[in-house]
Every structure is written in structure tokens, then in C-alpha cells.
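Numbering (our numbering), first residue to last: 42 to 411.
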């Protein structure tokens, strides 16, 4: 198989599995569970194949594939993987496969649950592999709806409240992200001659000072709020304890293991590269938010008697370390080079290590307790 096709396979193989489930009789519960597990296993094996083809010695994006999707708006189906997204793609494949095993405990509306579960995996994979801002946004929203229904239908006694709260928080973040995305789209026309959604092109424009400081600061604030909700960091965290407590255990695995990492990834991939001045302007505020999240989350976790709520607050604390690592970014006046590059490298490496460690450990804890 062409190595560039592997990325599309990793994204849409779960969707194919969801379509296959439509042809099962609703009474064939065991067969549908096995089919779901097979498709998540195949997806995980695909991520391993991507990792095998990936060369860690090569800087920049690898295995890129790009096709015109909506030419009139310069929207492309553009995928790629680098050293930041590769570990998160592997994490998504692994946690999704384990969550499929844990889903054997689901007995209500099994086909609907499994189809939404597989669509959720497609959304998560797409977020980590998309290199077109519009495509990234589509996958981000694709992730929202399955999670809303998975909590709202298969959750605990207060599932409707938790699902609506999750939906509203994520919706607000999505609207802010949409506004920022359109700002960059129309703002890129001045230097490019045409508006683009290509993230790599937008990063190059930002690196060369193509977006003014006011725009960058405004866009960074909106993007940060959108991604901080998903991270989550204080004070955007209050949806997480309710979602964790009410969600079925396999979905709590996905929530803690993968979804929270999407916030950190968004800051790394989009917010900071597209808004270098904005990141510099807000750096000390981000450090303060990170420190407060660490302390607040730790003390709140110690006060909990419910295991899921404990993990939720400890996640707020752990993601505070991620935020501090990502805030270690200082630019020179021209915004073309990075001062203290070694410190930035330590910051992003530490943030990535923390996200991966938390993803494996938190999903593993939920998997053990069932």
C-alpha cells in the first residue's frame, strides 16, 4: 500500500466499520462487538504501519497527501504526519482498541453505540492528521456529536446534564475557533494573493510577519479558549468531572486518554505557530493558568471519593504541566527566529511526554476498574 494512503486508511477504516454494522441484525450483538474490535485492531495496526514508515530523523511533515476538495474556497483534503502528531496517532489507535474491548459491558442499543464509537475514532484520527484548517475543523466537530450521544444515551443517572454541558462548552470553543479560522483565511489573501486554509502556508505567513499583532493577539485568545476547554485548564474545566462521572467507562477511557490531548495538540499545531506574537503576549498568563491548574486540580482530586471524578480533577492538574511546557516560547522582535530554542524544545518535549504518559495511564486505570 502507498504510504500516503495509510493516513486515509487510519482515518476512515473505523467509518467503514460503522457502515458494516448497518448490515447486521440488531440481535447479533456478539458479532457486532467482534466486528468493532476487528476494525479498531486493524486501525491500530495501520497506525503501527505509519510509525514503521515514519522517519524520525527527517524534520517536517511526512507522507503528505493533498487533493482539491472545495476548489472555489481553496479547501483541500490535506493530510500529513510529523514528530508531534505521530505519537498521538499511535495513542489514539491503542486507546480506541482497548476501549472497544471494554465496550463488551454495553448492553443497551449496542449497534448504535458501536457505530458512534467508530465514528468518534474517525474524528480523533482526522484531527491529528489534518493539515488543512477547514478539514481540521470538520474533524473537530465530527468528534463532538458522537461523544454527546455516547454520554447522553449510555451514561449514568445525570447523563443528559453532563452531555449538554459538554456540548455547550465544546460548541463555544468551536465557534471561537471558527471565527479565528476565518480571520486567518481572509487575512492570508494580502500576502498570498488568494485566501488559503493550508496550515503549512499559514504558518509560513505568520513566521514572516504576514499577520499583524492585533490580529494575532485576538486570534490567539480565541484559539486558546477553544483548545483550553478541551485540554482542559482552569477555569474552562468544569464540564470534565461531570462528563467523566456520567460517561460509560469505555468512553471515559477515550475522554481521558485521547480527547484531552486534542486541546494540547491544537495549541502546538495551530495556536502558537499561527500567532507567534499572540503567544509571546500571553506567555506569562499561560504559565499562571498552568500553575493554578496544577495546584487546584491536585487539591480538588484529593477531596474526591468517586474514582472517575478523582481522575477528572487529576487530569486538570496534569494538563497544567502541559500548558506550562507550551508557554515556554519567546520570540525576537522580528518574529522570525526563536530565542532560547533549547528551552522551547524542552518545553514541547515535556508537554508531549506528559500528554502521552497521562493518556496511557488514565486510560489504563479506567480499563482496569471496568
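All C-beta atoms in this analysis are idealised placements derived from N, C-alpha and C, irrespective of residue type, glycine included. Note that the coordinates shown come from a computational prediction; the quantities given were computed from them, not determined experimentally.
For residue 83 and residue 55, I'd like the C-alpha separation in whole angstroms. Distance between the alpha carbons of residue 83 and residue 55: 9 Å.
Using alpha carbons as the reference points, say which of 107, 47, 61, 59 lies closest to residue 418. With the chain represented from 42 up to 411, any question about residue 418 goes unanswered, as that position is not in the structure.
Chain C beta carbons: is any one of them nearer than 8 Å to that of residue 149? The structure shown contains no chain C, having only a single protein chain.
Would you report the Cα separation of residue 117 and residue 393, rounded to the nearest angstrom? Rounded to whole angstroms, the separation of the alpha carbons of residue 393 and residue 117 is 28 Å.
Quick one: residues in its chain with C-beta nearer than 6 Å to the C-beta of residue 123, no 5 flanking neighbours on either side, listed in chain order? Excluding its 5 nearest sequence neighbours in each direction, residue 123 has C-beta neighbours in its own chain below 6 Å: 102, listed in chain order.
Count the other C-beta atoms from every protein chain shown that fall within 10 angstroms of the C-beta of residue 283, then say buried if there are 16 or more, exposed otherwise. That one is buried.
Residue 91 to residue 143 span [Cα, whole Å]: Taking the straight line from one Cα to the other gives about 25 Å.
Would you call the segment 191-200 and the segment 171-182 touching, i.e. three or more CB-CB distances under 8 Å? Touching, no, given that fewer than three Cβ pairs across the two stretches are closer than 8 Å.
Can you tell me whether residue 409 is buried or exposed, with buried defined as 16 or more other CB within 10 angstroms of its CB? Counting C-beta atoms within 10 angstroms of its own C-beta, residue 409 has fewer than 16 neighbours from the protein chains shown and is therefore classed as exposed.
Straight-line CA distance for residue 150 to residue 69? Computed Cα separation, rounded: 12 Å.
Apart from the five residues on each side of it in sequence, which residues of its chain come closer than 7 Å, Cβ to Cβ, to residue 50? Residues of the same chain with a CB within less than 7 Å of the CB of residue 50, apart from the 5 flanking positions on each side, are 87 in chain order.
In the DSSP assignment, what residue or residues form a beta bridge with residue 107? Answer by DSSP bridge pairing, in chain order: 119.
Reduced DSSP secondary structure (H/G/I, E/B, other) of residue 390: Residue 390: helix per DSSP, three-state reduction.
Evaluate contact between the segment 315-333 and the segment 252-266, counting only Cβ atoms and requiring at least three cross-stretch pairs below 8 Å. Cβ pair count under 8 Å is three or more, so yes.
Quick check on the DSSP output: what are the complete beta strand (DSSP E) runs of length 3 or more inside the segment 116-203, in order along the chain? Inside the segment 116-203, DSSP marks whole beta strand (DSSP E) runs of 3 or more residues at positions 116-122, from first to last along the chain.
Should the segment 325-339 be called in touch with the segment 229-236, which here means at least 3 C-beta pairs below 8 Å? The segment 325-339 is not in contact with the segment 229-236.
Report the partner residues of residue 249 according to the DSSP bridge assignment. Looking at the DSSP assignment, residue 249 forms no beta bridge with any residue, so it has no partner.
How would you write the range of the alpha helix (DSSP H) that residue 89 sits in, first residue to last? Residue 89 -> alpha helix (DSSP H) spans 70-94.
Can you round the beta-carbon distance between residue 72 and residue 156 to whole angstroms, since I take them to be within the 8 Å contact cut? Contact flag wrong, Cβ pair sits at about 14 Å.
In chain order, what residues of the same chain lie with their CB nearer than 7 Å to the CB of residue 353, ignoring the 5 residues before and after it? Within the same chain, 281, 282, 285 come within 7 Å of residue 353 by CB-CB distance, once the 5 residues on both sides are set aside.
Could you tell me if residue 271 is buried or exposed, where buried requires 16 or more neighbouring beta carbons within 10 angstroms of its beta carbon? Result: buried.
Does the beta-carbon distance from residue 264 to residue 312 come in below 8 Å? Taking 8 Å as the cut-off, the beta carbon of residue 264 is found closer than this to the beta carbon of residue 312.
CA-CA distance, residue 351 and residue 299? Their Cα atoms are separated by approximately 18 Å.
Measure how close the beta-carbons of residue 152 and residue 67 come, nearest whole angstrom, since I'm counting them as under 8 Å. Confirmed, Cβ separation roughly 6 Å.
Can the beta-carbon of residue 105 be found less than 8 Å from the beta-carbon of residue 163? Going by C-beta atoms, residue 105 is not nearer than 8 Å to residue 163.
When you compare the CB positions of residue 239 and residue 173, do they come within less than 8 Å of one another, or not? Yes, the pair counts as a contact, with Cβ atoms nearer than the cut-off.
What are the start and end residues of each continuous alpha helix (DSSP H) run of 4 or more residues lying completely inside the segment 294-374, in chain order? Counting only runs of 4 or more, we get 301-307, 317-343, 348-368.
Take residue 110 and list the residues in its own chain whose beta-carbon comes closer than 7 Å to its own, dropping the five residues that flank it on each side. Closer than 7 Å at Cβ, skipping near neighbours: 116, 117, 118.
Mind reading off the beta-carbon distance from residue 397 to residue 97? Whole number of angstroms is fine, and I expect it under 8 Å. With a Cβ gap of about 15 Å, residue 397 and residue 97 do not count as contacting.
Proximity below 8 Å, CB of residue 335 to CB of residue 366: If you check the CB distance, residue 335 and residue 366 do not come in under 8 Å.
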